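There are 2 protein chains.
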Amino acid sequence: MDLAEIYAALRRIAPYTHRTPLLTSHLLDELLGKRLLLKAEHLQKTGSFKARGALSKALTLEDPKGLLAVSSGNHAQGVAYAARVLGVKALIVMPEDASPLKKAAARAYGAEVYDQGVTVANREAVARALQEETGYAFLHPFDDPLVVAGQGTLGLELLAQASRRGSFPEAVLVPVGGGGLAAGVATAVKALAPTTLVLGVEPEGADDARRSLEAGRILRLAEAPRTRADGVRTLSLGAYTFPILKAKVDGILPVSEEAILEAERLLHTRTKQVVEPTGALPLAAVLEHGARLPQTLALVLSGGNRDFSP
Amino acid sequence: MDLAEIYAALRRIAPYTHRTPLLTSHLLDELLGKRLLLKAEHLQKTGSFKARGALSKALTLEDPKGLLAVSSGNHAQGVAYAARVLGVKALIVMPEDASPLKKAAARAYGAEVYDQGVTVANREAVARALQEETGYAFLHPFDDPLVVAGQGTLGLELLAQASRRGSFPEAVLVPVGGGGLAAGVATAVKALAPTTLVLGVEPEGADDARRSLEAGRILRLAEAPRTRADGVRTLSLGAYTFPILKAKVDGILPVSEEAILEAERLLHTRTKQVVEPTGALPLAAVLEHGARLPQTLALVLSGGNRDFSP
């Protein structure tokens with residue numbers, strides 16, 4: 000993975016994605032004693048960065064019959080959107096007991112949801128069988144160079160926007176689940192601004208990335224972790240993303256569930272932005288680890304697909 | 000009230016307020032079959048347009064000892080902020096049983112909350128007594144030319160921003176409570192774009208503005224109406240605002256509580272913006288009356304001070 004691949008991805012996806020704004024907030028800066036640059040990826044098409052990776056991959060496929068994915072989250076919507084751009088069908092495999100809201104969200108973007116007899120345990124096998132049957136192209140949510148290159152486009156934009164603003168980040172904080180976003184952003188940042196730190200953030204109850212990087216090998220959680228941050232409930236880093244993180248990420252910060260909730264609350268009340276729990280992970284890390292972080296920080300608000308409650 | 004007074008207000012308040020953005024949303028436009036221009040006043044200082052009116056008035060006072068207001072809503076925060084700008088104290092009269100959250104919000108902006116023995120019935124009398132005692136200047140939430148001129152600055156900005164975007168609004172929709180915002184915006188719009196309609200929006204259970212304009216005199220609600228839109232729970236239009244509305248507002252649209260909730264939900268899920276119920280009134284009017292509204296509409300999202308619920 001190098002910068003050229005990320006630039007190539009940007010050229011592919013640019014017509015179909017937003018260059019999301021880099022927001023600032025005097026109130027947050029005052030409250031936390033930092034200069035924060037908020038990469039507003041909750042304003043991306045489909046409400047999260049996943050549209051970048053899905054499109055980056057989908058736009059390289061030669062005449063695909065359809066797109067197939069396993070996801071009950073933002074990747075489902077990213078793939079559904081990519082399929083719409085290509086003018087083909089999207090088929091999303093989701094466990095039967097996934098929330099009706101998540102099924103509805105994927106359908107709202109035009110995808111077909113396949114959930115008959117699907118469980119968390121058998122969903123990969125079901126997807127493989129469907130792939131054989133339909134001939135659709137399978138899009139992995141993170142462990143694919145073209146997907147990682149797509150997520151890396153966010154890092155390119157962030158650095159360009161920060162440069163124009165004259166507040167260059169000393170560290171970039173990014174949520175870590177399977178590692179696709181972190182790998183892409185780290186590749187962009189380390190190529191363009193080698194002295195800027197790249198720090199991953201994960202819930203303390205789902206700290207497999209931190210432990211894996213310490214151990215030097217991929218450690219796997221025994222079961223899906225309980226955390227508000229449902230975008231990072233993945234069991235482990237990927238075979239493709241792990242070595243990139245090992246080479247390019249400077250550290251992983253664990254955060255408590257309380258800090259995630261407080262970060263969501265601050266973004267809601269102070270910046271009036273709807274950010275989902277996973278997207279609030281970087282701000283949660285500032286709340287819990289601010290004292291040992293540098294002054295100017297870029298936070299990746301990765302998505303905004305949070306339920307509405309009146 | 001004329002355009003010159005609004006321009007003068009703009010020169011006073013510009014250093015201390017945001018020129019809030021004019022947002023658009025492809026998703027909402029597609030869903031509703033309209034071109035919507037969203038004046039994002041939830042991103043204003045203090046989270047609502049009330050900062051404009053409070054500052055417009057406060058900055059004309061000669062050496063005030065402090066500012067005094069009756070409010071358990073956004074006006075309290077606007078006045079508290081204006082006092083901070085002037086470097087004087089703010090004293091806010093609120094009923095003892097007002098929500099602790101609202102008291103905390105006013106205090107967070109540096110105001111002192113006076114609530115001892117205060118009820119909805121006696122709060123005006125308490126404020127008058129406090130005014131005598133302290134010598135602080137009283138700031139009315141809407142029935143004051145300098146406050147109306149301040150709110151009108153939002154209309155000036157909106158028209159300038161729409162012109163640059165090349166989508167000029169055929170109608171501007173604005174929430175109506177006491178009528179300060181509607182009077183200011185209508186004055187600006189009718190002076191600069193006389194063919195653009197100005198439409199007020201109020202909850203159907205609080206339709207005193209519609210009935211007053213029909214009757215040709217100020218009708219007063221018997222008691223504070225029950226509505227999600229707590230920013231427009233005022234009992235009547237003001238003696239100053241009523242004739243302006245009568246001369247310059249083209250109509251008042253009533254909306255149901257269900258439409259207000261749905262409008263909040265759409266703004267939350269589609270635009271990822273936190274808008275309070277009152278700020279969602281104009282979109283609620285598009286949901287309920289869209290068929291008889293023109294194609295290009297400017298909606299004033301008047302504030303974003305909505306409770307955070309996890």
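Note that the protein sequences, when read in sequence, are chains A and B.
Residues 0 to 309, numbered by numbering that gives the first Met the number 0, are exactly what the first sequence covers, in order.
Residues 0 to 309, numbered by numbering that gives the first Met the number 0, are exactly what the second sequence covers, in order.
Backbone N, C-alpha and C define an ideal beta-carbon position, used for all residues, glycine too.
These numbers were taken from a predicted model, which means no experiment stands behind them.
Output, in chain order, the set of chain B residues within a Cβ distance shorter than 7 Å of residue 264 of chain A. Numbered from its first residue, the first sequence carries residue 264 of chain A at position 265. Simply 307.
Can residue 23 of chain B and residue 39 of chain B be called in contact, C-beta distance under 8 Å? Taking the first residue of the second sequence as 1, we reach residue 23 of chain B at position 24. Taking the first residue of the second sequence as 1, we reach residue 39 of chain B at position 40. Contact: no.
Could you check which residue in A:164, A:165, A:157, A:76 has the C-alpha nearest to that of residue 183 of chain A? On the first sequence, position 184 is the one that residue 183 of chain A refers to. A check of alpha carbon separations from residue 183 of chain A across A:164, A:165, A:157, A:76 identifies A:157 as the nearest.
Assigned secondary structure, residue 247 of chain A (DSSP; H/G/I helix, E/B strand, else coil): Residue 247 of chain A sits at position 248 when you count from the first residue of the first sequence. Here DSSP, grouped into helix, strand and coil, assigns residue 247 of chain A to helix.
What does residue 271 of chain B touch in chain A if you count any residue whose Cβ is under 8 Å from its own? Residue mapping note: residue 271 of chain B aligns to position 272 of the second sequence, counting from 1. The contact set of residue 271 of chain B on chain A, defined by CB atoms closer than 8 Å, consists of 41, 42, 46, 272, 273, 274, 303 in chain order.
Using 8 Å for Cβ pairs, my map puts residue 152 of chain A next to residue 243 of chain A. What's the rounded Cβ distance? Counted from its first residue, the first sequence places residue 152 of chain A at position 153. Counted from its first residue, the first sequence places residue 243 of chain A at position 244. Incorrect: roughly 15 Å between the Cβ atoms, too far for contact.
Separation of residue 145 of chain A from residue 217 of chain A, as counted between CA atoms: As a working mapping, residue 217 of chain A is identified with position 218 in the first sequence. As a working mapping, residue 145 of chain A is identified with position 146 in the first sequence. CA-to-CA, the gap between residue 217 of chain A and residue 145 of chain A works out to about 21 Å.
Residues of chain B with CB closer than 7 Å to the CB of residue 19 of chain A, please, in chain order. Counted from its first residue, the first sequence places residue 19 of chain A at position 20. Near residue 19 of chain A there are no residues of chain B at all, since even the closest Cβ is about 10 Å away, more than 7 Å.
Around the C-beta of residue 47 of chain B, are 16 or more other C-beta atoms found within 10 angstroms, so that it is buried, or is it exposed? Position 48 of the second sequence, counted from the first residue, corresponds to residue 47 of chain B. Buried.
Which residue comes first and which comes last in the alpha helix (DSSP H) that contains residue 80 of chain A? Residue numbering aside, residue 80 of chain A sits at position 81 when the first sequence is read from its first letter. Counting along the chain, residue 80 of chain A sits inside the alpha helix (DSSP H) bounded by residues 73-85.
Answer yes if the stretch 26-39 of chain B comes into contact with the stretch 256-264 of chain B, meaning at least three C-beta pairs across the two stretches below 8 Å, and no otherwise. At 8 Å Cβ cutoff, the stretches do not touch.
I need the DSSP call for residue 95 of chain A, collapsed to helix, strand or coil. Locating residue 95 of chain A in the first sequence gives position 96, where the first residue counts as 1. Residue state for residue 95 of chain A is assigned as coil, using DSSP reduced to three classes.
Could you check if residue 115 of chain B is buried or exposed, using at least 16 other CB atoms within 10 Å of its CB as the buried criterion? As a first step, residue 115 of chain B is located in the second sequence; it is residue number 116 there, counting from the start. Its Cβ having fewer than 16 others within 10 Å, residue 115 of chain B is exposed.
Using the three-state DSSP reduction, which class does residue 7 of chain A fall into: helix, strand or coil? The residue you call residue 7 of chain A lines up with position 8 of the first sequence. Here residue 7 of chain A carries a helix assignment [DSSP, helix/strand/coil].
Chain A contact residues for residue 152 of chain B, given Cβ-Cβ distances below 8 Å: On the second sequence, residue 152 of chain B is found 153 positions in, with the first residue counted as 1. Chain A residues near residue 152 of chain B: none, gap ~20 Å exceeds 8 Å.
Would you say residue 23 of chain B lies against chain A (beta-carbon separation less than 8 Å)? On the second sequence, position 24 is the one that residue 23 of chain B refers to. No, residue 23 of chain B does not count as interfacial toward chain A.
Please state if the CB of residue 90 of chain A and the CB of residue 111 of chain A are separated by a distance shorter than 8 Å. For this step, residue 111 of chain A is matched to residue 112 along the first sequence. For this step, residue 90 of chain A is matched to residue 91 along the first sequence. Yes.
Proximity test, Cβ basis, 8 Å: residue 218 of chain B and chain A: Your numbering for residue 218 of chain B matches position 219 in the second sequence. Chain A, which has no Cβ nearer than 8 Å to the Cβ of residue 218 of chain B, makes this no.
Taking 8 Å as the CB-CB limit, is residue 260 of chain B close to chain A? Taking the first residue of the second sequence as position 1, residue 260 of chain B is located at position 261. Residue 260 of chain B belongs to the set of residues whose beta carbon lies under 8 Å from a beta carbon in chain A.
Spatial neighbours of residue 33 of chain A within its chain, please: CB distance less than 7 Å, with the 5 preceding and 5 following residues excluded, ordered by chain position. Taking the first residue of the first sequence as position 1, residue 33 of chain A is located at position 34. The beta carbon of residue 33 of chain A sits closer than 7 Å to those of 285, 289, 294, 296, all from its chain and outside the five residues before and after it, given in chain order.
Taking 8 Å as the CB-CB limit, is residue 16 of chain B close to chain A? For the purposes of this step, residue 16 of chain B is taken as the residue at position 17 of the second sequence. No, no contact with chain A.
Report yes or no: do three or more beta-carbon pairs, one from the stretch 155-174 of chain B and one from the stretch 185-199 of chain B, lie closer than 8 Å? Flag = yes, the stretch 155-174 of chain B and the stretch 185-199 of chain B touch.
With a threshold of 8 Å between beta-carbons, can residue 74 of chain A be considered close to chain B, or not? In the first sequence, the residue the question calls residue 74 of chain A occupies position 75. Residue contact check for residue 74 of chain A against chain B: no CB pair falls below 8 Å.
Using 8 Å as the Cβ pair cut-off and three pairs as the minimum, do the stretch 96-103 of chain B and the stretch 122-139 of chain B touch? By the C-beta criterion, the stretch 96-103 of chain B is judged not to be in contact with the stretch 122-139 of chain B, since fewer than 3 inter-stretch pairs fall below 8 Å.
Looking at chain A, which residues of the stretch 217-238 of chain B have a Cβ within less than 9 Å of any of its Cβ atoms? Hits within the stretch, in order: 227.
Check whether chain A comes within 8 Å of residue 268 of chain B, counting only Cβ atoms and requiring the distance to be less than that. If you number the second sequence from 1, residue 268 of chain B lands on position 269. At least one chain A Cβ lies under 8 Å of residue 268 of chain B.
Along the chain, where does the alpha helix (DSSP H) containing residue 266 of chain A start, and where does it finish? Start at 1 with the first residue of the first sequence, and residue 266 of chain A comes out as number 267. For residue 266 of chain A, the enclosing alpha helix (DSSP H) has its first and last residue at 256-270.
Would you kindly check if the distance between the Cβ of residue 155 of chain B and the Cβ of residue 187 of chain B is under 8 Å? For the purposes of this step, residue 187 of chain B is taken as residue 188 along the second sequence, with counting starting at 1. For the purposes of this step, residue 155 of chain B is taken as residue 156 along the second sequence, with counting starting at 1. Yes; because the gap between Cβ atoms is below 8 Å, this pair is in contact.
Opposite residue 295 of chain B in the DSSP bridges: which residues? In the second sequence, the residue the question calls residue 295 of chain B occupies position 296. B:34, per the DSSP bridge assignment.
May I ask whether a heavy atom of the ligand SAH can be found less than 7 Å away from the beta carbon of residue 206 of chain B? Within the structure as shown, the ligand SAH is missing, as the structure has no ligands at all.
On the criterion of 16 or more Cβ atoms from any shown chain inside 10 Å, does residue 16 of chain B qualify as buried, or is it exposed? The residue given as residue 16 of chain B occupies position 17 in the second sequence. When all chains shown are included, residue 16 of chain B counts as buried.
Have a look at A:68, A:21, A:212 and flag the residue whose alpha-carbon is nearest the alpha-carbon of residue 37 of chain A. Sequence index remark: in the first sequence, residue 37 of chain A carries index 38 (1-based). For the residues A:68, A:21, A:212, the minimum Cα distance to residue 37 of chain A belongs to A:21.
Considering only C-alpha positions, which residue in the set A:306, A:276, A:230, A:250 is nearest to residue 211 of chain A? Residue numbering aside, residue 211 of chain A sits at position 212 when the first sequence is read from its first letter. When the alpha-carbon of residue 211 of chain A is set against those of A:306, A:276, A:230, A:250, the nearest one is in A:250.
Anticipated Cβ contact below 8 Å, residue 45 of chain B with residue 108 of chain B, distance rounded: By one-based count along the second sequence, residue 45 of chain B stands at place 46. By one-based count along the second sequence, residue 108 of chain B stands at place 109. Between residue 108 of chain B and residue 45 of chain B the Cβ distance is about 7 Å, and since that is below 8 Å, they are a contact.
Among B:302, B:49, B:273, B:149, nearest to residue 10 of chain B - alpha-carbon criterion: By one-based count along the second sequence, residue 10 of chain B stands at place 11. Here the closest residue by C-alpha is B:149.
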